[in-house]
Amino acid sequence: MSHPTSSQQMMPPQNRKTDRPGPSRRQFLSSGLLAGGAAVATGFGATRSAAAAGDPAITEIQDWNRYLGEGVVSRPYGVPSQFESQVIRRDVEWLTASRESSVSFTPLHELDGIITPNGLCFERHHAGIAEIDPSKHRLMINGLVDTPLVFTMQDLMRFPRENHVYFLECAANSGMEWRGAQLNGCQYTHGMVHCVVYTGVRLKHLLDEAGVKPSAKWLLPEGADASAMTRSIPMEKALDDCLVAFKMNGEALRPEQGYPVRLVVPGWEGNMWIKWLRRIEVGDQPWQQREETSKYTDLLANGTARRFTWVMDVKSVITSPSPQAPINHGRGKAVISGLAWSGNGRIKRVDVSLDGGRNWTTARLDGVSLPKALHRFYLDFDWDGSPLLLQSRAIDEAGFVQPTKDALRAARGSNSIYHNNGIQTWHVKADGTVENVEVS
Amino acid sequence: MLKFPEFALTCGLALLIAAPVEAAGDPEKGAVVFKKCAACHQVGDGAKNRIGPHLNELIGRTAGGLDGFKYSKAMQDAGAGGMVWDTETLDAYLESPRTAVKGTRMAFPGLKDADDRADAIAYLAEYSKQASAPAETKTAAAPAESPAPSTTVETAPGTAANQPIPTHGVLHLGRMATPDEVAAWDIDVRPDGVGLPAGKGTVSQGEVLFTERCASCHGDFGEGAGRWPVLAGGRDTLKNDRPEKTIGSYWPYLSTVYDYVRRAMPYGDARSLNDNEVYAITAYMLYLNDVVTDEAFELSRANFSDVRLPNEANFTDDTRKQEAHYAVPAEPCMRDCKADVTITSRARVLNVTPDGGNDDAATKVD
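Those protein sequence lines, which keep their order, are chains A and B. Mapping to my numbering: the first sequence position 415 is 1761, numbers consecutive. Mapping to my numbering: the second sequence position 69 is 126, numbers consecutive.
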């Protein structure tokens, strides 16, 4: 950590008691350390040099160790520490024509474990965030059914409920990287993924209520927002593991995630997880909607395009170190942390390379391993201070191995936009900074 | 869950409004008229006596006959004299309360417009079982009861448990959708023409509409303004380094154009075009993409499925599993996997949220 060099840096970003004089020497020192801790610091050795006189973080009495903090319910709905204010969704404004039809990205580099906090789950809207009064929300099932039905939210909650942890990845995640390294941060290259525990009811149960006719082969879920989002989904998937979910991580869905109810299509591309779900039509063939013809189809080098590429392939990324999360300590013990996932099921193994893919070490998968959920991996290693070319390579339980970006381009060209699950390379430099690169 | 009783009132109202009109008045309009009364009167689920008595089960109620409400002497006398609230007595009372029941405490000057009175009475009738038919009608045909069974007709506590359980399905949850409800939401159109509404529109009509409603984003000729989608041109560019994916160059089916414009366009004013206008705009898209060349061309349900878009044949199923890196399962290399490693590409956007002008840096997110 670096010492403060300006009064700007000295003042901690926290509330100070107003009835006391300005910063004392004690405050000066302690706040400098605080500011250094909150910001991204790249210098080394602060703690070592402070050690002679004793670390003021220890030898001085801190405000929080002396004065009372705020009481209960001062934050009726709790929010993160003020020192975590940089942990937010971000967008790339020039990427799209309007923020109402755009994306924001999950700050993967700041997170750990496998569960994404609700307020940090990436957003993808096609007509802004629909703000729906649940008392006015209806879910209709119509088409090739014995009885077309309407459910209220209250009706939905009378079905048997289930809880499942699933990742949701936008098909266009890493889509900007097809032509080579582009955006400098894993929030931007890989941040269109999140993973939460959903509470909901089986779509199968809703369909059973309406009574699906034998000729029924496809479903068309539809959203209630101003894009009235629609996707065709084959009946087998609907009956297999789709959920109609109303909770995420234990609380109501966030409006930006489809409140009051969304479709969950485990392992399949995020666009199919219709938010603000208001209708499911049952039919005997796909509808060829805009989002499954002009979009979410994968254009190949030969000019043909794949359609109905639903499964999200095996994929991984090192979240730290990464361009937004540089190494800010010296040589010695270091932790590589990353995420792996596959729409085919569980992750069986993740390998990590420090030398751009010449040699690989199997990483440690930590925590629960759930099908179609994020997996956390770590590689604990000794950094000798020399530059690194970090890569991770995931293998799923179906045996699929995450391919290189060059292999994908050899098979598809560079115009697919979607389904880029190629191996990511981060170039760690001697000063600890990290850059998004590709290697031979 | 505790929220639902509160929601029930709104639910009940919304659905009742959609119920078939039984009286001469329009209950939907009556709901608006009733706002003038709502400062003093409640109606619907959980309605209580306020400044005035609650108005559930008003039709057939003896004037001044609600237990627990302190009526004026005049109103009690009217009831004792045999006055019962029905369409006729309510109409007279609402026209001029103090004329109809001299001495009433109701300070309201009255509704001078006969239609307003009829509408308000029709609205109130929805909350009265004894009103000519609505209670039965609602249960049988209208979408009234499901969100909160206790809300619509029944107001006495505990009636939810007495609601009949539907017979459909396995768990008997939800209620049947009415044909009108299905029609209101089911607007999707398939390539075989299923779902197309009646209607028609010409290229020329479409040009006028497009210029007015669409061109600000998509450009006068579908060329796209800024980063808004390009709709026309781009033919034979799909193998290019920068393909231009438009309706003419990429989209496989015309039905998608009709469906999407009808459900989601214009951006920010969805569902504002009528079916003929959508036909006209779709026809204009064909013209901009040289699929039709006659400005007099008229697109309709009858000829819609005859039109084919040029790129239809170039879509395939998912063939990812046949790709070399997936097709041959092999234990991945762990040691000395390649001779040397050099950096071939560096992030083109180091400052990740630059301010514009970097359009060539990355592919658009679709």
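No residue lacks a Cβ here, since even glycine has one placed at the ideal position from N, Cα and C.
Margin query: Against chain A, does R292 (chain B) count as a neighbour if the rule is that its beta carbon must be under 7 Å from one of theirs?
Written below: As a position in the second sequence, residue 292 (chain B) is number 235, starting the count at 1. For R292 (chain B), the answer is no, since every Cβ of chain A falls outside 7 Å of its Cβ.
Margin query: Let's test the definition: count the other Cβ atoms within 10 Å of the Cβ of N1519 (chain A) and tell me whether it reaches 16, buried, or not, exposed.
Written below: Start at 1 with the first residue of the first sequence, and residue 1519 (chain A) comes out as number 173. N1519 (chain A) should be labelled buried.
Check: Are A1680 (chain A) and F1727 (chain A) closer than 7 Å when you measure CB to CB?
Finding: Counting from 1 along the first sequence, the entry for residue 1680 (chain A) is found at position 334. Counting from 1 along the first sequence, the entry for residue 1727 (chain A) is found at position 381. Going by C-beta atoms, A1680 (chain A) is nearer than 7 Å to F1727 (chain A).
Check: Between the C-alpha atoms of P1632 (chain A) and R319 (chain B), what's the straight-line distance to the nearest angstrom?
Finding: Here residue 1632 (chain A) refers to the residue found at position 286 when the first sequence is read from its first residue. Here residue 319 (chain B) refers to the residue found at position 262 when the second sequence is read from its first residue. Roughly 18 Å between the two C-alpha positions.
Checklist line | Distance CB(A1443 (chain A))-CB(G283 (chain B)) smaller than 7 Å | finding: Indexing the first sequence from 1 puts residue 1443 (chain A) at position 97. Indexing the second sequence from 1 puts residue 283 (chain B) at position 226. Closer than 7 Å, so yes.
Notebook entry, point to check: Do S273 (chain B) and G1526 (chain A) have their C-beta atoms closer together than 7 Å?
Noted result: Position 216 of the second sequence, counted from the start, is the residue given in the question as residue 273 (chain B). Position 180 of the first sequence, counted from the start, is the residue given in the question as residue 1526 (chain A). No; because the gap between Cβ atoms is not below 7 Å, this pair is not in contact.
Next item on the list: Pull out every residue of the region 1561-1585 of chain A whose Cβ sits closer than 7 Å to any Cβ of chain B, in chain order.
Entry: L1566, A1572, S1573, A1574 and T1576
Margin query: Let me see if you follow: with CB-CB separation under 7 Å, is E1784 (chain A) close to chain B or not?
Written below: Walking along the first sequence from the start, residue 1784 (chain A) turns up at place 438. Output row for E1784 (chain A): interface = yes.
Note to self: Per the DSSP calculation, V1496 (chain A) is bridged to which residue(s)?
What the structure shows: Here residue 1496 (chain A) refers to the residue found at position 150 of the first sequence. Answer is A:M1486 and B:R232, bridged to V1496 (chain A).
Check: Should D102 (chain B) be labelled buried (16 or more other beta-carbon atoms within 10 Å of its own) or exposed?
Finding: One-based indexing of the second sequence puts residue 102 (chain B) at position 45. Per the 10 Å Cβ criterion, buried.
Margin query: Can you pull out the residues from the region 248-274 of chain B whose beta carbon lies closer than 9 Å to at least one beta carbon of chain A?
Written below: P248, D249, V251, G252 and C274
Check: Along chain B, in chain order, which residues have C-beta atoms closer than 8 Å to that of M1486 (chain A)?
Finding: Counting from one through the first sequence, the residue named residue 1486 (chain A) turns up at place 140. The contacting residues are A234, E238, V239 and W242.
Note to self: Bridge partners for W1614 (chain A) per DSSP, in chain order?
What the structure shows: The residue labelled residue 1614 (chain A) in the question sits at position 268 within the first sequence. For W1614 (chain A), which the question treats as bridged, DSSP gives the partners A:V1657.
Note to self: Does any residue of chain B have a CB that is nearer than 7 Å to the CB of A1598 (chain A)?
What the structure shows: By 1-based counting over the first sequence, the position of residue 1598 (chain A) is 252. Judged by the 7 Å Cβ criterion, A1598 (chain A) is not in contact with chain B.
Check: Under a three-way DSSP split, which group does Q1631 (chain A) fall into?
Finding: What you label residue 1631 (chain A) is simply residue 285 of the first sequence in a count that begins at 1. Q1631 (chain A): coil per DSSP, three-state reduction.
Check: When the Cα of R392 (chain B) is compared with those of A:V1628, A:D1697, A:G1691 and A:L1529, which residue comes out closest?
Finding: By one-based count along the second sequence, residue 392 (chain B) stands at place 335. Ranking the options by Cα distance to R392 (chain B), first place goes to A:D1697.
Note to self: Just to confirm before moving on: does the CB-CB distance between V1539 (chain A) and E1523 (chain A) stay below 7 Å?
What the structure shows: For the purposes of this step, residue 1539 (chain A) is identified with residue 193 of the first sequence, where counting begins at 1. For the purposes of this step, residue 1523 (chain A) is identified with residue 177 of the first sequence, where counting begins at 1. No; because the gap between Cβ atoms is not below 7 Å, this pair is not in contact.
Next item on the list: Check whether the region 1722-1736 of chain A touches the region 1638-1645 of chain A, taking contact to mean three or more Cβ pairs, one atom from each stretch, closer than 8 Å.
Entry: no
Notebook entry, point to check: Can you tell me whether DSSP reads V335 (chain B) as helix, strand or coil?
Noted result: The residue you call residue 335 (chain B) lines up with position 278 of the second sequence. Of the three classes helix, strand and coil, the one that applies to V335 (chain B) here is helix, per DSSP.
Notebook entry, point to check: Which residues in the same chain as T144 (chain B) place their Cβ atom closer than 6 Å to its Cβ, once the five residues preceding and following it in sequence are excluded?
Noted result: For the purposes of this step, residue 144 (chain B) is taken as the residue at position 87 of the second sequence. Counting only Cβ-Cβ distances below 6 Å, and skipping sequence neighbours, we find I178.
Next item on the list: Note down the Cα distance separating K169 (chain B) from A120 (chain B), rounded to an integer number of angstroms.
Entry: In the second sequence, the residue the question calls residue 169 (chain B) occupies position 112. In the second sequence, the residue the question calls residue 120 (chain B) occupies position 63. Going by the C-alpha atoms only, they are around 21 Å apart.
Checklist line | Opening and closing residue of the beta strand (DSSP E) in which H1471 (chain A) lies | finding: Within the first sequence, residue 1471 (chain A) is the residue found at index 125, counting from 1. From DSSP, the beta strand (DSSP E) with H1471 (chain A) extends over E1469 to H1471.
Next item on the list: Anything in the region 1634-1650 of chain A with a Cβ closer than 8 Å to a Cβ of chain B? List those residues in chain order, please.
Entry: Q1634, Q1635, R1636, T1639, S1640, K1641, Y1642, T1643, L1645, A1647, N1648, G1649 and T1650
Check: Cα separation between E355 (chain B) and E1627 (chain A)?
Finding: For the purposes of this step, residue 355 (chain B) is identified with residue 298 of the second sequence, where counting begins at 1. For the purposes of this step, residue 1627 (chain A) is identified with residue 281 of the first sequence, where counting begins at 1. Answer to the nearest angstrom: the Cα atoms are 30 Å apart.
Notebook entry, point to check: Start and end of the alpha helix (DSSP H) containing R1577 (chain A)?
Noted result: Position 231 of the first sequence, counted from the start, is the residue given in the question as residue 1577 (chain A). Where R1577 (chain A) is concerned, there is no enclosing alpha helix (DSSP H), given that its DSSP letter is neither H nor E.
Item checked: Min CB distance T1493 (chain A) to chain B below 7 Å -> Mapped onto the first sequence, residue 1493 (chain A) falls at position 147. It does; some Cβ of chain B falls within 7 Å.
Check: Are the C-beta atoms of E1555 (chain A) and some chain D residue less than 7 Å apart?
Finding: Among the protein chains of the structure shown, namely A and B, there is no chain D.
Next item on the list: Determine the contact status of L181 (chain B) and L123 (chain B), defining contact as a CB-CB distance below 7 Å.
Entry: Working through the second sequence from its first residue, we reach residue 181 (chain B) at position 124. Working through the second sequence from its first residue, we reach residue 123 (chain B) at position 66. Going by C-beta atoms, L181 (chain B) is not nearer than 7 Å to L123 (chain B).
Next item on the list: Answer yes or no: do E1637 (chain A) and N1617 (chain A) have a C-beta to C-beta separation smaller than 7 Å?
Entry: Locating residue 1637 (chain A) in the first sequence gives position 291, where the first residue counts as 1. Locating residue 1617 (chain A) in the first sequence gives position 271, where the first residue counts as 1. A contact, by the Cβ cut-off of 7 Å.
Notebook entry, point to check: Which residues mark the beginning and the end of the beta strand (DSSP E) in which P154 (chain B) is found?
Noted result: Locating residue 154 (chain B) in the second sequence gives position 97, where the first residue counts as 1. That residue, P154 (chain B), is in no beta strand (DSSP E); its alpha helix (DSSP H) goes P154 to A157.
Next item on the list: Kindly indicate which residue of A:F1746, A:A1757 and A:S1666 has the alpha-carbon position closest to the one of G1778 (chain A).
Entry: Taking the first residue of the first sequence as 1, we reach residue 1778 (chain A) at position 432. Minimum Cα distance to G1778 (chain A) is reached at A:S1666.
Checklist line | Whether F1513 (chain A) touches L1720 (chain A) by CB criterion (7 Å) | finding: Numbered from its first residue, the first sequence carries residue 1513 (chain A) at position 167. Numbered from its first residue, the first sequence carries residue 1720 (chain A) at position 374. Yes, the pair counts as a contact, with Cβ atoms nearer than the cut-off.
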